[in-house]
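Quick notes on the structure that follows.
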Amino acid sequence: MRRRSPPAWSYRRIHILFLLLLATSSSSASAVNFTCTTVQAACQSAIGYTTRNATTYAELLSLFNTSTLAELLRANGLPPTAMPPDTAIPAAATVTVPFRSLCNVATRVGRSDYRPIYLVGSQDGLDAIARKVFDGFVTYQEIADASNIPDPNKIFVGQELWIPLPCSCDQVDGHNVTHFAYKVRAVDTTSAIAAKFGVLESTLMRINGITDPKNLVQGQILDVPIPGNDTMARMARKHEGLINQEDINIDLSTLRTATNNFDERNKLGEGGFGVVYKGALPDGQQIAVKRLSNCSRQGINELKNELVLVSKLQHKNLVRLVGVCVENQEKLLVYEYMPNRSLDTILFDPDKSRELSWEKRLKIIIEIARGLEYLHEESRLKIIHRDLKANNILLDSDLTPKISDFGLAKLFGADQSHVITNRVAGTYGYMAPEYAMFGQYSVKSDVFSFGVLILEIVTGRRSMGSYSDHEQSFNLLDLIWQHWNRGTLLELVDPSTLTRAGHGTTNQCSLQADQMLGCIHVGLLCVQANPADRPKLSAVTTMIGGTASLNPPSRPAFWVLPEEDATRAAGTNSSPGGRVMAASANRVSITEIEPR
């Protein structure tokens, strides 16, 4: 039976309804502009712009065209000659963008000094330009009014738009200030914002027309009057180079509410570091709250500084740090929530491991390598993880792996190749021998751990297990080496993976077998005794992709203890040379939160 077309009047009603909704939304979306009545030539204002995607200083300057590179760097606490224009700025970084301001006495509104000017592209619409390109610091109606556009739906490619950024030149309580446009986050309160910028909460509420501090709305733009003569310098000191400590602060009360006061029913796991709870922020975002134990001796400032740095890392294979709370003797780290928990909960479970086809395992290996390569070689910070293992690989809803606990890792200087520590932190079975025995670590220490992880993923066996072979007992590395010499490596591959492979064609099965053997080969190269013999992560990703020839591995480092011996060793608190050991033998990470 043919479906009848709706009558023409239905389309008209839908169109009218759409226009009404558009009008309603535009009227309900408050104008962003700030009150400005001062009659003077110009003043300086700024916005706290958050990058939507990775960008560069040059691109940011081109977008806003409101300041020079030196002014932009200075506003963010960087020396004017610190970075070239093509220096990368990661996604989700908050950057202070300064600009000249004018007051329109007739309208009593402040507007940026006829900049920035935006050229309309083929896919642009005014609403998207306002919300996405300029981060909601202007509404589409304000752009239309400033650019004399009678119909916001009718713009053309190449058209120049004036983007009227919110600003003001007015004094506040008789004092000169810089009016800073601040975008409210889900975890913000008026008291926290006021304390962050050194203003009175009552003043902040008064000039923004806030009668109830509970009525803050995420995404709302506030006029923050930062006091002082050299106000841009004050803002710059807060940023410390595009990084603001307060940007990731979350109130303890917010986290108590999010976790139902750390209810046991919300507990996701527990380890030497403390307990992890599931929670939800006021905007509905699901989070994992790591409540650190009180035994850590690291100072609050050291913890906050380290976490502020790594919070700016952006990569699809790193768990994102959402926030941190250091309050009332509590030390809490807030991460994005991973619904499939950690890799070990699936990989080593006889039933759940069947979910991991060879294709999924190979994808997990490759993406862990990419995340680790980013930490070592691609990010502006050089980070050594020091506790890479299956427990610290979390899986999202699509089983995409994300490296976790990198917030407690060691930050390296660009000119550092290795470091020696008197306090070893890690997990038996994954630690490189030079690190476990002598406290020496480098990027090659992480490569060793990654090699162990590769071998675990392919075989479905724990590195610390004890495996019988020809009436002898071996740990995983030793067992794999025995089979390498005998040419029987496929006997070690997880049987559930081989079963799945067996359902394919002969060519598919042959390809999968080659990939499995190749991954084991790469894993063995990563666990060489001499750190110099281990490949860099950039080479590892090429090897796994099958585009590089592989050298034959040497005998791997067999310092790993059988589990019963490791348990006894973990009961001691010293290592060869008198170094304090902090390594777990029971699959629980106890990454230390101590000064390195």
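The sequence shown maps to residues -31 to -1, 1 to 565 in mature numbering (1 follows the signal peptide of the UniProt record, and there is no 0). Every residue gets a Cβ at the ideal spot worked out from N, C-alpha and C, and that includes glycine.
For the beta strand (DSSP E) containing T7, name the first residue and the last one.
Element bounds for T7: n/a, residue is neither H nor E.
Between R130 and the rest of its own chain, which residues show a CB-CB distance below 6 Å, the 5 nearest in sequence each way excluded?
This sequence places Leu at residue 130; Arg is not what is there. So the qualifying residues of the chain are Y87, I112 and S116.
Compare the beta carbon distance of L357 and Y404 with 8 Å and say whether it is the shorter of the two.
no
Using alpha carbons as the reference points, say which of P133, N444 and D502 lies closest to K413.
D502
Using 8 Å for Cβ pairs, my map puts I315 next to L325. What's the rounded Cβ distance?
6 Å
Under the DSSP definition of a beta bridge, which residues are partnered with R80?
L71 and P135
Pull up the distance between the alpha-carbon of residue 582 and that of L224, whole angstroms please.
Nothing can be reported for residue 582: it is not among the residues displayed for the chain, which extend from -31 to 565.
Which ranges does the alpha helix (DSSP H) cover as unbroken runs of at least 4 residues, wholly within the stretch 85 to 144, from first to last along the chain?
109 to 115
Which residues share a DSSP beta bridge with Q255?
A249
Close-in-space but distant-in-sequence residues of the same chain around L459 (CB under 8 Å, 5 per side omitted):
L467, A482, M485 and L486
Between the beta-carbon of C136 and the beta-carbon of F33, is there less than 8 Å?
no
So the candidates are L38, M406, I333 and Q409; which of them puts its Cα closest to the Cα of V427?
I333
Any idea if D55 is buried or exposed, counting beta-carbon neighbours within 10 angstroms, 16 or more meaning buried?
exposed
Length of the line joining the Cα atoms of Y436 and G408:
29 Å
Please identify the residue among Q140, V126 and Y109 whose C-alpha is closest to the C-alpha of L134.
Y109
Where the alpha helix (DSSP H) through I333 begins and ends
W327 to E342
Measuring straight from C-alpha to C-alpha, what distance separates Q187 and R154?
5 Å
Rounded distance between the beta-carbons of T19 and K152, thought under 8 Å:
7 Å
Cβ neighbours of F231 in the same chain (closer than 6 Å, five flanking residues each side left out)
Y246
Spatial neighbours of G420 within its chain, please: CB distance less than 6 Å, with the 5 preceding and 5 following residues excluded, ordered by chain position.
G492, C495 and V496
Within 10 angstroms of the Cβ of R431, are there 16 or more other Cβ atoms? Answer buried if so, exposed if not.
buried
Looking at the strands, I want to know which residues DSSP matches up with A57.
T25
Taking the continuous alpha helix (DSSP H) assigned at K165, which residues delimit it?
T159 to F166
Using only CA atoms, which one of V1, S523, L364 and R339 lies nearest to A99?
V1
Could you tell me the alpha carbon to alpha carbon distance between E305 and V74, rounded to whole angstroms?
46 Å
Return yes when the Cβ of F149 is within less than 8 Å of the Cβ of I195, no when it is not.
yes
For C138, I'd like the list of residues in its chain whose CB is within less than 7 Å of its CB, leaving aside the five on either flank, ordered along the chain.
C5, T7, Q9, C12, S70, C72 and G79
With distance defined between alpha-carbon atoms, name the residue in G238, V126, L261 and T226 nearest to G248.
T226
Per DSSP, cross-strand counterpart(s) of N218:
V293
Assumed close pair M307, K371 - CB separation to whole angstroms, cut-off 8 Å:
6 Å
Run of the beta strand (DSSP E) containing I179, from where it starts to where it stops
Note, I179: premise wrong, no beta strand (DSSP E); not H, not E.
Can you name the residues that DSSP bridges to D192?
A150
Give the straight-line distance between the Cα atoms of L169 and A163, rounded to the nearest whole angstrom.
6 Å
V258 versus V303: straight-line alpha-carbon distance, rounded
5 Å
Buried or exposed, going by whether 16 or more other CB atoms sit within 10 Å of the CB of F443?
buried
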